[in-house]
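K.L.:
Please see the structure below; I have some questions.
There are 2 protein chains.
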Amino acid sequence: MEALTINEAARTSGWSPRMLRYIEGSGLLELPRSPGGYRLYGPAQLQRLRTLRELLARFDVGLAELGFARRLRGDERLRGAVEEWFETEPARPEHVAAGDWLRWEQEKHQALIAAAADTHDLLEAA
Amino acid sequence: MEALTINEAARTSGWSPRMLRYIEGSGLLELPRSPGGYRLYGPAQLQRLRTLRELLARFDVGLAELGFARRLRGDERLRGAVEEWFETEPARPEHVAAGDWLRWEQEKHQALIAAAADTHDLLEAA
DNA sequence: ACAACCTTGACATATGTATGGTAGGGTTCG
DNA sequence: CGAACCCTACCATACATATGTCAAGGTTGT
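Chains as they are written, first to last, in the numbering used here: chain U, 1 to 126; chain C, 1 to 126.
Set out below in structure tokens:
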């Protein structure tokens, strides 16, 4: 046996066996299995588990959040949508006159104008 | 009044007033306030709220996850650490001999070698 | 074969996320 | 001024995350 089984891996990685299974289930770590189905932890996996621990502790991040980061990396469209959302400048220049405000906003992202129609109405009514 | 107050914004954005406050608190949306402290929703904010809704629904993402994406964008070091973690190739080439396996791993990321010492011992003992 | 270890699945709990209320007290604006 | 609306601060709930533990049954290695 060249690789460690789950309890040995737990001792050397700092995670509990329970969490090692949980982490695998979360998709953050792929593990080879023995013919009988035992999870096998080699140096590569152990290293990842240790750095994972360090990473989560150092930045106070959760496994779920890392899972989302993973999604972001893998899903081009998700990443694009998120990027686009953040890129939309939320700051309103103070020197824009109240009357020009709406137009100024609408000119920024034509693709989003449609949904803004009712807002326009509501604003007019106010 | 050129901007909407929270209940009006709720009606046009699809979020409940409660959630509008929650979203502001989550840091995903900054809002100007009236002199008396009322949250003010202009077209920019309303647009963002609508696209936010769309984004979360379309990809089944939560506000907390978006919050993490925000952190990733803003925190260079976090992003680097996460990137590095994911970049570490978890795949082990099958043609690496058992004896060379550890060395092969260790050569990959020198900064991480220290923590691997006990693993080495455990592996030797096995 | 047998002791020691692993697997999956289920139950349990503490904390966090996402929402909805309510109460006491200020703000707006006609 | 007064009705209508907003604010902050709680309480409450349903589901998710993170973890522990236990039971019934299969795997390993000597």
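Each residue gets a CB set at the ideal place from its N, CA and C atoms; glycine is no exception.
At what residues does the alpha helix (DSSP H) containing residue 85 of chain U begin and finish?
P.N.:
Within the first sequence, the letter at position 85 stands for residue 85 of chain U. Its alpha helix (DSSP H) spans residues 76-87.
K.L.:
When DSSP labels each residue in this structure, what does residue 22 of chain C get in the three-state scheme?
P.N.:
Numbered from 1 along the second sequence, position 22 holds the residue referred to as residue 22 of chain C. The answer is helix: DSSP assigns residue 22 of chain C an H, G or I state.
K.L.:
Keeping to the same chain, check which residues put their C-beta closer than 8 Å to that of residue 4 of chain C; ignore five residues upstream and five downstream.
P.N.:
Here residue 4 of chain C refers to the residue found at position 4 when the second sequence is read from its first residue. Closer than 8 Å at the Cβ level, and outside the excluded window around residue 4 of chain C, lie 12, 40, 41, 42, 46.
K.L.:
Could you name each continuous alpha helix (DSSP H) segment of 4 residues or more that falls completely within the region 39-73 of chain C, going from the start of the chain to the end?
P.N.:
Within the region 39-73 of chain C, the complete alpha helix (DSSP H) runs of at least 4 residues are 43-59.
K.L.:
Please list, in chain order, all residues of the same chain as residue 67 of chain C whose beta carbon is under 8 Å from its beta carbon, the five residues on each side excluded.
P.N.:
If you number the second sequence from 1, residue 67 of chain C lands on position 67. Excluding residues within five positions, the ones whose Cβ falls inside 8 Å are 26, 27, 28.
K.L.:
Does any residue of chain C bring its CB to less than 8 Å from the CB of residue 16 of chain U?
P.N.:
Here residue 16 of chain U corresponds to residue number 16 of the first sequence, with the count starting at 1. Not an interface residue.
K.L.:
Does the region 77-87 of chain C come close enough to the region 79-87 of chain U to have 3 or more Cβ pairs within less than 8 Å?
P.N.:
Contact fails: fewer than three Cβ-Cβ distances are below 8 Å.
K.L.:
In whole angstroms, what is the alpha-carbon distance linking residue 15 of chain U and residue 70 of chain U?
P.N.:
The count along the first sequence starts at 1 and reaches residue 15 of chain U at position 15. The count along the first sequence starts at 1 and reaches residue 70 of chain U at position 70. Straight-line Cα distance between these residues: approximately 20 Å.
K.L.:
CB-CB under 8 Å to residue 56 of chain C, same chain, minus the five flanking residues each way: which ones, in chain order?
P.N.:
Counting from one through the second sequence, the residue named residue 56 of chain C turns up at place 56. 62, 63, 66.
K.L.:
Can you give me the C-alpha to C-alpha distance between residue 23 of chain C and residue 75 of chain C, rounded to a whole angstrom?
P.N.:
On the second sequence, position 23 is the one that residue 23 of chain C refers to. On the second sequence, position 75 is the one that residue 75 of chain C refers to. Rounded to the nearest angstrom, the two C-alpha atoms are 20 Å apart.
K.L.:
Check distances from the C-beta atoms of the region 72-90 of chain C to those of chain U and list, in chain order, the residues that come in under 7 Å.
P.N.:
Within the region 72-90 of chain C, the qualifying residues are 72, 73, 78, 81, 82, 85, 86, 88, 90.
K.L.:
Following the continuous alpha helix (DSSP H) through residue 13 of chain C, name the residue where it begins and the one where it ends.
P.N.:
The residue you call residue 13 of chain C lines up with position 13 of the second sequence. Per DSSP, residue 13 of chain C belongs to the alpha helix (DSSP H) from 6-13.
K.L.:
If the cut is a Cβ gap below 8 Å, which residues of chain U does residue 55 of chain C touch?
P.N.:
The sequence position of residue 55 of chain C within the second sequence is 55, counting from 1. Those within 8 Å of residue 55 of chain C in chain U are 81, 82, 85.
K.L.:
Assuming contact is defined by CB atoms lying nearer than 8 Å, are residue 85 of chain C and residue 52 of chain U in contact in what I supplied?
P.N.:
The sequence position of residue 85 of chain C within the second sequence is 85, counting from 1. The sequence position of residue 52 of chain U within the first sequence is 52, counting from 1. Contact: yes.
K.L.:
Apart from the five residues on each side of it in sequence, which residues of its chain come closer than 8 Å, Cβ to Cβ, to residue 49 of chain C?
P.N.:
The residue labelled residue 49 of chain C in the question sits at position 49 within the second sequence. Result list for residue 49 of chain C: 9, 13, 14, 15, 20, 23, 29, 41, in chain order.
K.L.:
Leaving out five residues on either side along the sequence, give the residues of the same chain with a beta carbon under 7 Å from the beta carbon of residue 33 of chain C.
P.N.:
Position 33 of the second sequence holds residue 33 of chain C. Closer than 7 Å at Cβ, skipping near neighbours: 39, 40.
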